[in-house]
Amino acid sequence: MRDVVGQERVVHWLQSAFQQKRLAHAYLFTDSHTRYIKKMAVELAKTLNCEQKGLDACDSCPTCIQIEHGNHPDVVSIQPDGSYIKIDQVRVVQATFRYRAPNEIQRVLIIESAEKMRLETANSLLKFLEEPISPMVAILLTNKKERILPTIRSRCQWVRFSAPAIHLQQKMFLEEGFHEPVANLLSHLHFRDELVQLESHEIEQNIENLVQWSKAFLTGDESALIDVQVGWLANELEQGRSSSLLELLLIWLKELMNKNSSFFSKQHSMRQKIRLSVKESDILVAMDNVLIASRLVHKAEISTSAIWEQMVIATQEKRKSKYDDWRMIVI
26 MRDVVGQERV VHWLQSAFQQ KRLAHAYLFT DSHTRYIKKM AVELAKTLNC EQKGLDACDS
86 CPTCIQIEHG NHPDVVSIQP DGSYIKIDQV RVVQATFRYR APNEIQRVLI IESAEKMRLE
146 TANSLLKFLE EPISPMVAIL LTNKKERILP TIRSRCQWVR FSAPAIHLQQ KMFLEEGFHE
206 PVANLLSHLH FRDELVQLES HEIEQNIENL VQWSKAFLTG DESALIDVQV GWLANELEQG
266 RSSSLLELLL IWLKELMNKN SSFFSKQHSM RQKIRLSVKE SDILVAMDNV LIASRLVHKA
326 EISTSAIWEQ MVIATQEKRK SKYDDWRMIV I
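Going by this note's numbering, the sequence shown runs without a break in its numbering and finishes at 356.
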């Protein structure tokens with residue numbers, strides 16, 4: 026668990042509970058960046074089952090290696106199947122865990138994006154948590170604690186993670202193979218979880234595409250709307266990267282307003298071209314509409330493509346739309 030960057034407080038607390046044999050049967054790990062909580066969940070699973078029986082996983086015994094690579098039969102991870110975690114996924118785990126585990130094995134169930142459980146899934150999980158066949162620790166991971174059913178939350182011990190310092194985050198991304206400009210940008214993004222599944226060069230290509238697209242977006246070119254409907258942007262929205270792209274777009278628009286560039290230094294020539302063809306007032310309107318789009322995306326009740334289309338239309342008509350006006354238009 027010591028390998029989880031910047032979470033010394035959580036590590037000490039979990040190790041103390043483990044040493045005193047007072048671990049809870051269910052935990053709710055919350056953080057705005059789910060990569061930290063997923064790593065901690067895996068590290069805790071290794072510590073519970075490590076053959077060396079220390080306060081931290083040895084990372085070298087067969088059990089630790091199996092868990093690290095996701096192929097240990099008694100440490101199971103559930104991820105959303107499409108937009109939701111479905112009841113059949115919980116039933117598969119129930120069937121897998123219906124027999125008692127071998128001696129000295131602590132079963133661990135990790136549920137990623139736990140806020141995406143359907144009601145029937147959550148109720149099935151609740152029964153599973155209350156009537157386990159053999160010792161088990163369930164770890165629910167989420168960045169939206171308020172969307173977890175109260176009945177589930179009440180059965181879990183809440184562990185809130187704190188964001189590591191920026192320089193530690195940059196170091197972590199560099200160690201994972203991201204190029205320095207990308208690592209710097211990722212460490213400042215709130216919705217970076219949508220991007221970190223990509224390779225560094227893929228993120229760089231997305232950034233380049235977004236910067237090129239912004240010129241059409243700001244100058245009234247109809248290709249901006251076409252890209253939302255059938256182009257590269259439509260594909261990215263379908264892959265669930267709307268929030269991160271809106272965040273990147275907002276940072277880029279802010280840098281267009283400033284003389285210095287912190288994150289988009291490679292796009293200097295495009296920045297100059299846009300500044301020569303677009304008024305500052307137009308950029309401000311665009312920023313206002315990007316913020317509105319971001320709020321609507323988080324409502325999760327309107328299609329992201331419709332929100333982006335309306336954002337483009339509102340910006341190219343050079344109007345600042347109120348949130349309620351947008352909501353009425355989109356619906």
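All C-beta atoms, glycine included, are put in the ideal place defined by N, C-alpha and C. All values reported here derive from a predicted model rather than from experimental measurement.
In this structure the region 114-128 does not touch the region 50-67; the number of beta carbon pairs closer than 8 Å is below three. When DSSP states are grouped into helix, strand and coil, Tyr61 belongs to the helix group. Here the alpha carbons of Gly256 and Glu171 stand approximately 35 Å from one another. Using a Cβ distance threshold of 8 Å, Leu151 and Arg178 do not count as a contacting pair. Under the three-pair Cβ rule at 8 Å, the region 323-332 does not count as touching the region 228-243.
Distance between Ile92 and Arg266, taken at the CA atoms: about 29 Å.
Secondary structure in the region 140-226: the beta strand (DSSP E) runs of 3 residues or longer, each lying completely within the stretch, are 161-167, 182-185 in chain order.
Judged by DSSP in its simplified three-state form, Leu80 adopts coil rather than helix or strand. According to the DSSP assignment, Val118 belongs to the alpha helix (DSSP H) that extends over 112-121. Between the alpha carbons of Thr55 and Leu309 lies a distance of about 34 Å.
By the Cβ rule, the region 263-283 counts as touching the region 313-325, because three or more pairs are nearer than 8 Å. Contact between the region 133-149 and the region 30-43 is absent: fewer than 3 CB-CB pairs across the two stretches fall below 8 Å.
Nearest C-alpha to Gln194 among Val207, Val184, Arg47: Val207. Straight-line spacing of the CA atoms in Ser102 and Ala126 works out to 17 Å. Counted as a single uninterrupted DSSP element, the beta strand (DSSP E) harbouring Val101 occupies residues 100-103. Taking the Cα of Leu301 as reference, the smallest distance to any Cα among Ser287, Lys291, Leu281 is reached at Leu281. Exposure of His37 is indicated by the presence of fewer than 16 other C-beta atoms within 10 angstroms of its C-beta. His323 counts as exposed, since fewer than 16 other C-beta atoms from the protein chains shown sit within 10 angstroms of its C-beta. A check of alpha carbon separations from Cys83 across Glu68, Asn96, His94, His97 identifies Glu68 as the nearest.
Under the three-state reduction of DSSP output, Val303 falls in the coil class, being neither helix nor strand. Pairing Ile110 with Met161 gives a Cβ-Cβ distance that is not under 8 Å. Taking all protein chains shown into account, Glu227 has fewer than 16 neighbouring C-beta atoms within 10 Å of its C-beta and is therefore exposed. Taken through DSSP and simplified to helix, strand or coil, Phe43 comes out as helix.
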